[in-house]
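Under this note's numbering, think of the first position of the sequence shown as 44, with each following residue one higher.
Everything on this sheet refers to the single structure shown next.
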Amino acid sequence: MKIDFANLQHQYQLYKKDIDANIQKVLNNSNYIMGEEVQQLEHQLADFTKATHTITCSSGTDALLLAMMALDIQPGDEIITTVFSFIATAETIALMQATPVFVDIEESTFNIDPSKIEAAKTKKTKAIMPVSLYGQPADMAEINAIATKHNLKVIIDGAQSFGTTYKNKSEVHLSDITTTSFFPSKPLGCYGDGGAVFTNNDEYAEKIKMLRVHGQNKRYHHKYIGLGARLDTIQAAVLLAKLPHYKKEMQARQQVADTYTAALPNKVKTPLIKANRSSVWAQYTIRVSHRKQVQESLKNVGIPTAVHYPMPLHLQECFKYLQLKLGSFPVAEQLSNEVLSLPMNAFLTVEEESFITQKLKVMLN
Ligand SMILES: Cc1ncc(COP(=O)(O)O)c(C=O)c1O
44 MKIDFANLQH
54 QYQLYKKDID
64 ANIQKVLNNS
74 NYIMGEEVQQ
84 LEHQLADFTK
94 ATHTITCSSG
104 TDALLLAMMA
114 LDIQPGDEII
124 TTVFSFIATA
134 ETIALMQATP
144 VFVDIEESTF
154 NIDPSKIEAA
164 KTKKTKAIMP
174 VSLYGQPADM
184 AEINAIATKH
194 NLKVIIDGAQ
204 SFGTTYKNKS
214 EVHLSDITTT
224 SFFPSKPLGC
234 YGDGGAVFTN
244 NDEYAEKIKM
254 LRVHGQNKRY
264 HHKYIGLGAR
274 LDTIQAAVLL
284 AKLPHYKKEM
294 QARQQVADTY
304 TAALPNKVKT
314 PLIKANRSSV
324 WAQYTIRVSH
334 RKQVQESLKN
344 VGIPTAVHYP
354 MPLHLQECFK
364 YLQLKLGSFP
374 VAEQLSNEVL
384 SLPMNAFLTV
394 EEESFITQKL
404 KVMLN
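Listed below in structure tokens is the structure:
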């Protein structure tokens with residue numbers, strides 16, 4: 044058996060007719076930048092999330108930059124964030140010439156530990172940036188309570204979690220600004236780079252719309268220093284064809300996760316979704332000791348896996364200047380040695396899942 048990790052080709056074949064037709068329409072119109080598909084997509088994403096404002100952009104990374112620029116983050120400001128994420132979370136903070144102030148994670152959810160946030164706060168702290176890692180929101184009630192108490196802004200890095208909910212509300216309502224990514228392998232992905240910013244704040248929305256087009260408020264009149272950060276029309280066309288299937292795909296991913304959790308052997312630590320929230324299962328990430336051995340054995344029988352992430356952010360070479368040593372964030376350090384993401388996509392068959400769980404059972408016996 045040869046199993047596909049994200050199975051994007053299968054998904055394309057399923058929706059090919061609509062995807063091809065949508066792309067062809069853009070090619071026929073030659074409206075490659077801010078064509079009508081971009082606005083259509085923004086309306087449909089707003090419908091999906093009920094966000095007051097949805098602004099698409101060129102990537103999840105640029106979405107984070109746009110969010111921080113809209114909040115007027117200045118050089119020297121500090122932003123509290125998780126130490127266990129993809130590099131873009133902290134890299135964009137550093138690109139703003141602000142300082143990422145890392146906080147360790149909860150062992151059960153892999154997300155920022157809210158009980159450690161207040162200790163990280165200083166006079167320079169301007170915002171908290173939780174990440175909804177693997178698709179599950181962090182403890183947003185606790186995080187927002189801390190933010191309100193200390194007058195801090197909250198940006199959710201929702202790159203992995205488009206569509207997720209917290210207390211039955213879309214996570215875009217839990218922050219000042221929430222971002223997402225449409226990178227191809229994300230739960231909702233396009234065929235290149237893409238992202239979006241969501242906010243219920245009119246002022247931020249207005250500013251973000253200008254910032255994504257070089258800070259322009261009128262053609263060739265630039266109110267802010269901005270970015271060239273628009274979503275390509277062709278990518279919007281791809282997403283327009285995929286979005287109608289997304290709710291069904293979210294359910295299918297949940298089904299895959301439930302099956303894994305029920306069938307995996309006890310020696311495997313399976314992911315926990317806390318009460319009152321959901322995950323869109325960007326990854327189904329287990330914890331195993333002897334990860335390298337397990338990964339190699341799975342590979343040998345045709346089961347691809349991935350490690351998200353092998354090194355916490357404070358140990359990355361680019362953050363050496365922060366002078367944070369091994370031992371500073373013990374939970375993230377331990378988990379980075381144990382996490383292993385199993386194949387996860389809406390099209391994984393019962394036979395494939397059963398093959399994966401059986402192989403893991405034999406290996407870990
Ligand atoms: C947590 C997180 N933040 C930000 C990003 C950046 O998104 P993009 O690749 O669309 O720039 C990613 C993408 O992997 C991510 O996982």
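All C-beta atoms, glycine included, are put in the ideal place defined by N, C-alpha and C.
Remember, predicted model here, so these are calculated numbers, not experimental data.
Endpoints, the beta strand (DSSP E) within which residue i is located
i, result
"K352", "According to the sequence as given, residue 352 is Tyr; it is not Lys. From DSSP, Y352 is part of no beta strand (DSSP E); its letter is neither H nor E."
"Q259", "Q259 to K261"
"Y55", "No beta strand (DSSP E) holds Y55; the alpha helix (DSSP H) holding it covers L51 to N72."
"H96", "H96 to C100"
"T221", "I220 to S224"
C-alpha distance - residue i paired with residue j, whole-angstrom precision
i, j, result
"L51", "K229", "10 Å"
"A89", "L367", "40 Å"
"S213", "V350", "27 Å"
"K285", "I62", "8 Å"
"A110", "N408", "48 Å"
"L341", "T221", "36 Å"
"A141", "S151", "29 Å"
"K93", "K335", "43 Å"
"V174", "V126", "10 Å"
"H333", "E381", "8 Å"
"L385", "E394", "15 Å"
"A300", "R330", "15 Å"
"E185", "A49", "33 Å"
"T302", "H357", "35 Å"
"V215", "K166", "27 Å"
"E412", "V144", "Shown here, the chain extends from 44 to 408; a query on residue 412 therefore has no answer."
"I171", "R273", "25 Å"
"I277", "Q83", "12 Å"
"Y55", "K266", "41 Å"
"L383", "D47", "16 Å"
"I198", "S218", "6 Å"
"L307", "T400", "5 Å"
"K252", "M387", "34 Å"
Classification of residue i by the beta-carbon crowding that lies within 10 angstroms, buried from 16 upward
i, result
"A305", "exposed"
"C361", "exposed"
"S73", "exposed"
"M112", "buried"
"Y75", "exposed"
"L70", "exposed"
"N260", "exposed"
"K315", "The displayed chain sequence assigns Leu, not Lys, to residue 315. By the neighbour-count rule (16 or more Cβ atoms within 10 Å), L315 is not buried but exposed."
"S158", "exposed"
"G237", "buried"
"T207", "buried"
Residue range of the alpha helix (DSSP H) that includes residue i
i, result
"L84", "E79 to T92"
"E381", "P373 to E381"
"M406", "V393 to M406"
"V299", "Y289 to A306"
"S340", "R334 to N343"
"M183", "M183 to H193"
"A163", "I160 to A163"
Check whether residue i and residue j have beta carbons under 8 Å apart
i, j, result
"S224", "G78", "no"
"F153", "L365", "no"
"L195", "K169", "yes"
"A39", "I123", "A query on residue 39 cannot be resolved here, the shown segment of the chain reaching from 44 to 408 and no further."
"L254", "L270", "yes"
"V323", "R296", "yes"
"Y209", "R320", "yes"
"T242", "H86", "no"
"E292", "A389", "yes"
"I148", "A375", "yes"
"S128", "A325", "no"
"K68", "A280", "yes"
Exercise for the section: Return the chain-ordered ranges of every alpha helix (DSSP H) run that is complete within the segment 106–147 and spans a minimum of 4 residues. Expected result: Given a length threshold of 4 residues, each whole run of the alpha helix (DSSP H) inside the segment 106–147 is given here in chain order: 130–138.
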